[in-house]
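Please read the structure below before turning to the comments.
There are 2 protein chains.
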Amino acid sequence: MARLVMKFGGTSVANIERIRNVAQHVKREVDAGHEVAVVVSAMSGKTNELVAWCADASKLYDKREYDAVVASGEQVTSGLLAIALQEIGIDARSWQGWQIPIRTSDAHGSARIESIGDERLGEGFARKEVAVIAGFQGIHEATGRLTTLGRGGSDTSAVAIAAAIKADRCDIYTDVDGVYTTDPRIVPKARRLDRVAFEEMLEMASLGAKVLQVRSVEVAMVHKVKTFVRSSFDDPADPRPGTLICDEEDIVEQQVVTGIAFSRDEAQLTLRRVSDKPGVAAAIFVPLAEANINVDMIIQVVSDDAKSTDITFTVPQADFERARAMLEGMHGDIGYTTLQGATDVVKISAIGIGMRSHAGVAARAFKALADKGINIRAITTSEIKFSVLIDAEYTELAVRTLHTLYGLDKA
Amino acid sequence: MARLVMKFGGTSVANIERIRNVAQHVKREVDAGHEVAVVVSAMSGKTNELVAWCADASKLYDKREYDAVVASGEQVTSGLLAIALQEIGIDARSWQGWQIPIRTSDAHGSARIESIGDERLGEGFARKEVAVIAGFQGIHEATGRLTTLGRGGSDTSAVAIAAAIKADRCDIYTDVDGVYTTDPRIVPKARRLDRVAFEEMLEMASLGAKVLQVRSVEVAMVHKVKTFVRSSFDDPADPRPGTLICDEEDIVEQQVVTGIAFSRDEAQLTLRRVSDKPGVAAAIFVPLAEANINVDMIIQVVSDDAKSTDITFTVPQADFERARAMLEGMHGDIGYTTLQGATDVVKISAIGIGMRSHAGVAARAFKALADKGINIRAITTSEIKFSVLIDAEYTELAVRTLHTLYGLDKA
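Sequence lines, in order, name chains A and B.
Just so it is clear: in the first sequence, position 119 is 118 by numbering that gives the first Met the number 0, and no numbers are missing.
Just so it is clear: in the second sequence, position 175 is 174 by numbering that gives the first Met the number 0, and no numbers are missing.
See below:
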């Protein structure tokens, strides 16, 4: 007997028919003698509808009320799945975040889980009862208010609950059958990975792969939660195992590059001929940070007049206009000649733990991209990944080029 | 300064535009210096959608899970109205039943309010904050589970909260502008009542008038909550007062009959030639009561053979088939000759506190109905009302006849 957490996303619980299918997946594990906690998202489309209502009621809506509104989506699914499980003879009950409780910070709209009560869930397991837990939501105990964890937060709920109840495994069921070397819609030769290291998955999620919320991978890594990504669309009687996210020691044949990720959510800003004096970078980036604008790639090069410097950096597309307006306001302080911006850019990243022990991995990419006539606007590297910023029109070509270059194509 | 509760039903909060309109009604009272608690229903149609999902997941769904699912509707509206109020500069926050808490019995699906915490709401009033309370829902504290109060339960939430916070007034906003002498869709000459006594309103609600949940009138009567029924579709800047539900002493000009109610939710069952021995009524009605079938009118008359008795009674239409099957099963014990049933029947009732001091009120109705050729299948009377069961096809004719007979027609 094992104890396990099964998480089902919005497309997996999109309607009653799909919820019945989820119940069959749960039944398989219960019949195998396991103790099961299920974490569910809202039915697909519901969260968007609720968010739209909040935005319609007020452009600057109170995030505490937003949380009360959107947390309702998971509440509905948890009750419906409990009913569907009972219908096929499985004892089950729903749990809202505040009932367990899942205690979070008060950062409404993107709260962090601080602790999870395991006592009531444990009593449920002792009664042989499946716990059906509303994902995405929690409670800030000091104020007694509902909180939510941000988009994709149910993944984090699942992994955090797995850690709290010391589950042997956390299965994240989604509409794909695992983690791929890259997006198969762009590269038909993309391969499903049997295993991927926590660190790699963290980079992939951060760099654009949408299969898991970044925070959920962090929690899985810290608490060593053996996490599978697998498909709820598989036959419940005979599903494929999916991709295991695990410690790198558990991966026998380590590739140099494991996957290629890309993010279209990038915008580039360039300040020309900034006076090259100490403190200028701080003058630019401290105000942006204080305005909660997340600056990613930064490049500083000497300007063509050899007396000043050009500074290029990227921000999320949603923050582009706000960042540009701030920079225009700082013109007097910073003293640049021109402010340039571009939103038709994309960030392509290659990720692999093997990079640690292999030199020149990124250099091969720069050459391969140049050979295809792709101009690189910016580069960032870290121990296990590198990213290049390029024109958006080259996205597919660049992803396919790197996917082939690092030997990731399916045989 | 007064303290007041304002309750808005499903059609009053059907979409964001309507919710903005509700915010204007609240603003009027806040601007007048009042402390305001608002109670909201789910957006119209939402509860039906949620109930249908539960029924789709399982015909015999767990009522505890049903409660978790359907309570979400009011949660959404409470958050959205809080946002809409903040948008027009009014400090407001949403409250779920479990946050206040509104403590109820564990009769899931039709729980009764047992007590309401007034402390947190009081703190909110001290902060000059409008409380936006999710109606219809509560918590059973021993199990920590969500409960709901049954259809129309938000009315009861509102009145019970008004009692708990010692409100000066409870305004029930709906899609009509008050309580009428009968349904204006059937009798265009129906008049809006300025005042109606608690006891009369209780009978009207019990006998088919849908303007208020029966339980809410009971609570208002017990706690002497001055309750108005009024329209949310009136101009928020200049609304009409609606109908006041109050003690009978506060009604100056008491009519003999105040209103005519009717209920189509009736079914008739007749057992012919039941052997006329002691205990036969108990043999029939005790099992029905144990099966939670609510028997209403009962008539027993000697059969045409003068040796046995005919028993006729009514049940809600939803219980008709179940009751008939039970009676068929009892055939051996009771020993009737024939079991007859009819669902095309309607119950017409006349209600008025004046009946207490006036004799012959019902007799006038029997004659008037007979004059129109309407056959009476059954009669029940009590101190302040009488009801007749007739063929459904005579509904409108009978209601109009009694409405005119008792002088209720508009001038």
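Ideal placement from N, C-alpha and C gives every residue a C-beta, glycine not left out.
{"Item": "For the alpha helix (DSSP H) that residue 17 of chain B lies in, which residues bound it at each end?", "Value": "15-30"}
{"Item": "Can you have a look at residue 102 of chain A and say buried or exposed, based on whether 16 or more other CB atoms are within 10 angstroms of its CB?", "Value": "buried"}
{"Item": "Can you tell me whether residue 6 of chain A is buried or exposed? The criterion is at least 16 other CB atoms within 10 Å of its CB, across all chains shown.", "Value": "buried"}
{"Item": "Does the Cβ-Cβ distance between residue 93 of chain B and residue 131 of chain B come in under 7 angstroms?", "Value": "yes"}
{"Item": "Would you check if there are 3 or more beta carbon pairs closer than 8 angstroms linking the stretch 279-299 of chain B to the stretch 227-238 of chain B?", "Value": "no"}
{"Item": "For the alpha helix (DSSP H) containing residue 150 of chain A, name the first residue and the last one.", "Value": "Per DSSP, residue 150 of chain A belongs to no alpha helix (DSSP H) and is neither H nor E."}
{"Item": "Report the residue from A/241, A/391 and A/156 whose alpha carbon sits nearest the alpha carbon of residue 112 of chain A.", "Value": "A/156"}
{"Item": "Please list, in chain order, the chain B residues whose beta carbon lies closer than 8 angstroms to that of residue 53 of chain A.", "Value": "78, 79 and 82"}
{"Item": "Select from A/25, A/221 and A/218 the residue whose C-alpha is nearest the C-alpha of residue 449 of chain A.", "Value": "In the structure as shown, chain A starts at 0 and stops at 410, and residue 449 of chain A therefore has no counterpart that could be examined."}
{"Item": "Would you kindly work out how many angstroms separate the C-alpha atoms of residue 341 of chain B and residue 56 of chain B, rounded to a whole number?", "Value": "32 angstroms"}
{"Item": "Per DSSP, residue 5 of chain B forms a beta bridge with which residues?", "Value": "B/37 and B/170"}
{"Item": "I need the boundaries of the beta strand (DSSP E) containing residue 52 of chain A, first residue and last residue.", "Value": "Careful: residue 52 of chain A lies outside any beta strand (DSSP E), inside the alpha helix (DSSP H) at 45-56."}
{"Item": "Which residues does DSSP pair with residue 94 of chain A in a beta bridge?", "Value": "A/132"}
{"Item": "Do we get a CB-CB distance below 7 angstroms when we pair residue 61 of chain B with the residues of chain A?", "Value": "yes"}
{"Item": "Taking only beta-carbon positions, decide if residue 75 of chain A is within less than 7 angstroms of chain B.", "Value": "yes"}
{"Item": "What's the gap between the Cα of residue 182 of chain A and the Cα of residue 259 of chain A?", "Value": "8 angstroms"}
{"Item": "If the cut-off is 8 angstroms on Cβ atoms, which residues from the stretch 38-53 of chain A count as contacting chain B, listed in chain order?", "Value": "49, 52 and 53"}
{"Item": "Check whether the Cβ of residue 64 of chain B lies closer than 7 angstroms to any Cβ atom in chain A.", "Value": "yes"}
{"Item": "What span of residues does the alpha helix (DSSP H) with residue 285 of chain B cover, start to end?", "Value": "279-289"}
{"Item": "Can you grab the Cα-Cα spacing for the pair residue 151 of chain A / residue 80 of chain A, in whole Å?", "Value": "19 angstroms"}
{"Item": "Work out the CA separation of residue 278 of chain A and residue 308 of chain A for me, nearest whole Å.", "Value": "13 angstroms"}
{"Item": "Could you name the residues of the same chain whose beta carbon sits closer than 6 angstroms to that of residue 227 of chain B, not counting the 5 residues immediately before and after it, in chain order?", "Value": "170, 241 and 243"}
{"Item": "Is the beta carbon of residue 82 of chain B sitting closer than 7 angstroms to the one on residue 61 of chain A?", "Value": "yes"}
{"Item": "State the DSSP-derived secondary structure class of residue 332 of chain B, mapped to helix, strand or coil.", "Value": "helix"}
{"Item": "Could you work out which residue in A/98, A/405 and A/72 is closest to residue 135 of chain A when comparing CA atoms only?", "Value": "A/72"}
{"Item": "Report back the beta-carbon spacing between residue 397 of chain B and residue 344 of chain B to the nearest angstrom; my notes put them in contact at under 8 angstroms.", "Value": "No, residue 397 of chain B and residue 344 of chain B are not in contact; Cβ-Cβ is about 12 angstroms, not under 8 angstroms."}
{"Item": "Specify the secondary structure class of residue 196 of chain B as computed by DSSP and reduced to three states.", "Value": "strand"}
{"Item": "Would you identify the three-state DSSP class for residue 212 of chain A, choosing helix, strand or coil?", "Value": "coil"}
{"Item": "With a threshold of 6 angstroms on Cβ separation, who are the neighbours of residue 27 of chain B within its own chain once the five nearest residues in sequence on each side are excluded?", "Value": "235"}
{"Item": "Can you tell me where the alpha helix (DSSP H) with residue 127 of chain A in it begins and where it stops?", "Value": "Note, residue 127 of chain A: premise wrong, no alpha helix (DSSP H); not H, not E."}
{"Item": "Quick check: is the beta carbon of residue 15 of chain B nearer than 7 angstroms to any beta carbon in chain A?", "Value": "yes"}
{"Item": "Less than 7 angstroms separating the beta-carbons of residue 253 of chain A and residue 177 of chain A?", "Value": "no"}
{"Item": "Beta carbons nearer than 9 angstroms to chain B: which residues of the stretch 338-356 of chain A have them?", "Value": "none"}
{"Item": "So residue 373 of chain B packs on residue 389 of chain B, CB below 8 angstroms; how close in whole Å?", "Value": "6 angstroms"}
{"Item": "Any idea if residue 59 of chain A is buried or exposed, counting beta-carbon neighbours within 10 angstroms, 16 or more meaning buried?", "Value": "exposed"}
{"Item": "May I ask which residues mark the beginning and end of the alpha helix (DSSP H) holding residue 365 of chain A?", "Value": "360-370"}
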